[in-house]
Each structure stands twice: as structure tokens, then as C-alpha cells.
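Below is one structure; the comments refer to it alone.
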Amino acid sequence: MHIDVSTLLIAMTLNMLTMAVALPYFMGQVNRPARWAQAGIVLQTVGWVLLLLSNVCAPGGWADRVLSTLSMACIAGGMAFNAVAFDLWCGRRATARAPAVIAVLLTLGYGAGFSNYAFRVGWANGLLTVQMALLVAALCRRPRVPVGRWRWLLVISLLAQMVVTAWRGVLGAFYTADFPHFFAPHVVNLVFALVANVTVVLSLAAILLAHRDEAARELERLATVDGLTAALNRRAWLAQAGIDLAAGVRQRRPMGVLMLDLDHFKQLNDTRGHAAGDLALQRFAAALRSVSRAGDVFCRYGGEEFCVLLNSADLAAVQAYDRRLRGWLAEHVIPALDFDLSYSAGIAMRLSDADTIEAMLRRADTALYLAKARGRGCTLGG
Numbered sequence: 105m106h107i108d109v110s111t112l113l114i115a116m117t118l119n120m121l122t123m124a125v126a127l128p129y130f131m132g133q134v135n136r137p138a139r140w141a142q143a144g145i146v147l148q149t150v151g152w153v154l155l156l157l158s159n160v161c162a163p164g165g166w167a168d169r170v171l172s173t174l175s176m177a178c179i180a181g182g183m184a185f186n187a188v189a190f191d192l193w194c195g196r197r198a199t200a201r202a203p204a205v206i207a208v209l210l211t212l213g214y215g216a217g218f219s220n221y222a223f224r225v226g227w228a229n230g231l232l233t234v235q236m237a238l239l240v241a242a243l244c245r246r247p248r249v250p251v252g253r254w255r256w257l258l259v260i261s262l263l264a265q266m267v268v269t270a271w272r273g274v275l276g277a278f279y280t281a282d283f284p285h286f287f288a289p290h291v292v293n294l295v296f297a298l299v300a301n302v303t304v305v306l307s308l309a310a311i312l313l314a315h316r317d318e319a320a321r322e323l324e325r326l327a328t329v330d331g332l333t334a335a336l337n338r339r340a341w342l343a344q345a346g347i348d349l350a351a352g353v354r355q356r357r358p359m360g361v362l363m364l365d366l367d368h369f370k371q372l373n374d375t376r377g378h379a380a381g382d383l384a385l386q387r388f389a390a391a392l393r394s395v396s397r398a399g400d401v402f403c404r405y406g407g408e409e410f411c412v413l414l415n416s417a418d419l420a421a422v423q424a425y426d427r428r429l430r431g432w433l434a435e436h437v438i439p440a441l442d443f444d445l446s447y448s449a450g451i452a453m454r455l456s457d458a459d460t461i462e463a464m465l466r467r468a469d470t471a472l473y474l475a476k477a478r479g480r481g482c483t484l485g486g
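Residues in the sequence shown are numbered from 105 upward in steps of one, following this note's numbering.
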């Protein structure tokens, strides 16, 4: 059976066109990394379409130069977009500066040196190889969030593409007589076309798996986080508090619970509207986030009530936390909200190894009730 390079590369481009059209349908409403991945695939698909079209133009003419250069910009640019998506899926900041710089250098060098066939083939394939190597290195770094095996599918795909792309670049740059044009029937070109078809399928599977992982993490986050304040919800906090309490008992660490209730919250809603009430809750959660130490766990316990578990904290440390919180509110909330925001609070410390979170919460709630009865705006208990 005879398989020619042109047929394989056309088939690969058709597969990429199918991916570019099908991915938005299968992914549905997507988040930021998936949008970067989709844009990267579209750019690479456009690049390959332009590259194939350039081969039906007069060799070396202006149309060949323009289409070929644009195709390199799209292929390399699409890979840079994919690098951003992979970083985001691994929980890292989206930078991908090096792949983007390589995409720019590749395009400029290719356009400037287009008339020299050996140079442009070596330049383009060489820089694409470097770009792929950067993606492999990024994927092999430890992710900051739990990810599945999709990244290893991508690593395998990129490594295979790196080998054949580098091989093809060396052939075009130094053995030009054996590789005189894009569809040259050389074994290296044939292997390149075969690998390209296989890796397109692997990349599609990896991207869909990465998107599924991200969606699962988002569902888990929504199940544990309060939608308005981004604080833990009550159920998630109780689960984490139980784990921390058991660890505190084993390690003989002190521990305290601080239960807080925003003062006159109903009056705030009635006089200023629910939007102001929501903003107050969000600012209060921001205050808790700002004054909490590593290891402190807070949640929106319900309505205008919040709860903080302070690990490795004695009574003095819990009282210091309360003072920091009141100070932060006095400094930041009034300028932001144009109204005062105070709270009443109750403290409960772990009394013995047999103490439970539920018992501590009951004591903190009793102390909170007494603080409200004494005129609000104070903290009692211990």
C-alpha cells in the first residue's frame, strides 16, 4: 500500500479542522484555560491550512511568502496559546513568555530569510522544536493542583513531535537535496506526517481530559465555598475543623474557636438594601482573610455569622486575632462602604482532649449571645 506525504498532511489538517469545530461543542461553556486551548487549536489549524495553500502557489512568489509566513505565525502562536492553557490547568500563573517570544522570532526570521530555503526550513523546525521542549518542561514541573494523566499524554505527543520536527529541520537545512520541498517523499517527512496524525488525536484526548479535571475541581470548589464571600461554607469548615481538632489533640496544641455575628445586619439590609448587605459580608470575609494566620480556618457559618478556628492559638492569641480584626475593619471598611461595620463575638477554647468542635461551638455561641446582650460590639468568653 502506497501512502504519500501530501495525503497524510491533508488528512491531519482535516482532523485539526474537525477538532477546532468540535471542541467548543463538546466543551460547552468553558473557563479561561479552555478558551486559551481552543484559541490555540484554531490558530494551529489556520496555520496548517495556510501552509497547504502556500504549496499550490508559485514557489518563491509573493503569495507563497505571505501565506507561508502567516502559517508559521499561526502555528507557533497557537503553541504559545496552548502553553498558557497548560499552565493554567496545572494551577500556575499564565505567563508562557518564552513560547511567545519564540513565536515572534520564528515569524520574523522566517519572513526575512524566506528566499533561502535551507535557512527557513531549519529556522522554523528548529524553533518549533525549542518551543515544544519548553512545553514539555512546563508540563513535567509539579502542578500546583491535582491533575490527571492528561499531561503525560501531552508530554508523549510533544516528545514525538519534537523528534520528527528536529529531524526534519536538520534534513532541510543540511541535506536540502534530499528534502527539496514540503511534500518531499523522504522517510523523515513520511514519519513526520504519520506522527502528526497520531499526535493530533492524543492531543485532543488530553485537552478534553484536562478540561474535565478543571470542571471537577470547580464543582468541588463550589461544594465547599460560599458563593457570595468565597469563604468556606459551614459543611466544609466543620469537616476541616474536625481534622484539625484531632491533629491538635495528638500534638498537644492549644486551639480556639471564635464565633462572630455582624451587628444590626437586618437594619443594614432594611435601610441600605440587600446589595449593601452583600457588600458588607464580602468586606467582612476580606477582613478575616487579611488578619488570618497560616492554619487559621474561617467560614460563613450562616447568614451574617462567621466562625474562625484558630490552630496553635491560646486565649491571648485568639484575643489578639480579635483586636487585629477590629483594627482592620476600622481602617478599611468605613472608607470602602461609607458606613460602620462592627460585630459581636464569642470565644471558646479547647478544654481537654475529649472536647469536640460541637461543644466548642456551643460555648462560643453562648458567649456570643452574652456579648450581644451587653450591647454588641464586644467579644466575650474564653
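For every residue, glycine included, the Cβ atom is placed at its ideal position computed from N, Cα and C.
Cα-Cα separation, residue i to residue j
i: S394; j: A277; result: 58 Å
i: Q344; j: A421; result: 20 Å
i: R272; j: F223; result: 13 Å
i: T401; j: A380; result: According to the sequence shown, residue 401 is Val rather than Thr. Going by the C-alpha atoms only, they are around 26 Å apart.
i: L414; j: V188; result: 37 Å
i: L121; j: L212; result: 26 Å
i: G406; j: R338; result: 7 Å
i: D330; j: E324; result: 12 Å
i: S261; j: V240; result: 9 Å
i: L232; j: G165; result: 24 Å
i: T269; j: S175; result: 16 Å
i: L155; j: P250; result: 38 Å
i: N119; j: A281; result: 31 Å
i: L171; j: W432; result: 59 Å
i: G360; j: R478; result: 22 Å
i: L238; j: I107; result: 32 Å
i: C244; j: R196; result: 13 Å
i: V125; j: I145; result: 10 Å
i: M453; j: L392; result: 19 Å
i: Q386; j: T333; result: 5 Å
i: D444; j: D426; result: 17 Å
i: V259; j: G252; result: 13 Å
i: A162; j: H285; result: 13 Å
Exposure label - residue i; buried when at least 16 CB within 10 Å
i: L372; result: buried
i: D382; result: exposed
i: Q142; result: buried
i: S219; result: exposed
i: P203; result: buried
i: F410; result: buried
i: A468; result: buried
i: D348; result: buried
i: A167; result: exposed
i: F130; result: exposed
i: R248; result: exposed
i: P289; result: exposed
Beta-ladder partner(s) of residue i, from DSSP
i: F283; result: BP columns for F283 are empty, so no partner.
i: Y447; result: L366
i: F402; result: V412
i: A452; result: V361
i: G485; result: I451
i: L547; result: Residue 547 lies beyond the stretch modelled for the chain, which goes from 105 to 486, so this question has no answer here.
i: V125; result: Its beta-bridge partners do not exist; DSSP assigns none.
i: L112; result: In the DSSP output, where bridge partners are listed per residue, L112 has none listed.
i: V422; result: For V422, which the question treats as bridged, DSSP gives no partner whatsoever.
i: V329; result: L336
Of the residues the options, the one placed nearest residue i, counting alpha carbons only
i: G486; options: T460, A449, D457 and R478; result: A449
i: L192; options: E318, Y214 and L392; result: E318
i: Y447; options: A390, H368 and R376; result: H368
i: P358; options: T111, L157 and A417; result: A417
i: L127; options: C161, G481, A281 and I311; result: I311
i: A424; options: R466, R397 and E409; result: R397
i: H436; options: K476, I461, A389 and R478; result: A389
i: L336; options: V412, V305 and V295; result: V412
i: A115; options: L210, R246 and V302; result: V302
i: A475; options: A391, M363 and E462; result: M363
i: F296; options: A237, L113 and L342; result: L113
i: G481; options: I461, M453, S456 and R430; result: R430
i: W341; options: M266, G352 and A327; result: A327
i: L366; options: D459, R354 and T483; result: T483
i: T225; options: F283, S307, L263 and D426; result: This sequence places Val at residue 225; Thr is not what is there. It is F283.
i: R316; options: R255, R466 and V299; result: R255
i: I179; options: P163, L419, L209 and A198; result: L209
i: G352; options: A228, D457 and M183; result: D457
Residue-level contact to chain C via CB, residue i, 8 Å cutoff
i: A204; result: Here there is only one protein chain, and chain C is not present.
Can you give, in chain order, each stretch of the alpha helix (DSSP H) that sits fully within the segment 212-277 and has at least 4 residues?
221-244
Where in the segment 353-394 do unbroken runs of the alpha helix (DSSP H), each at least 4 residues long, occur, reported from the N-terminal end onward?
For the segment 353-394, the continuous alpha helix (DSSP H) assignments of 4+ residues that do not extend past its boundaries occur at 369-376, in sequence order.
For the segment 127-197, list the alpha helix (DSSP H) runs that are entirely contained and at least 4 residues long, ordered along the chain.
Correct list: 136-158 and 166-193.
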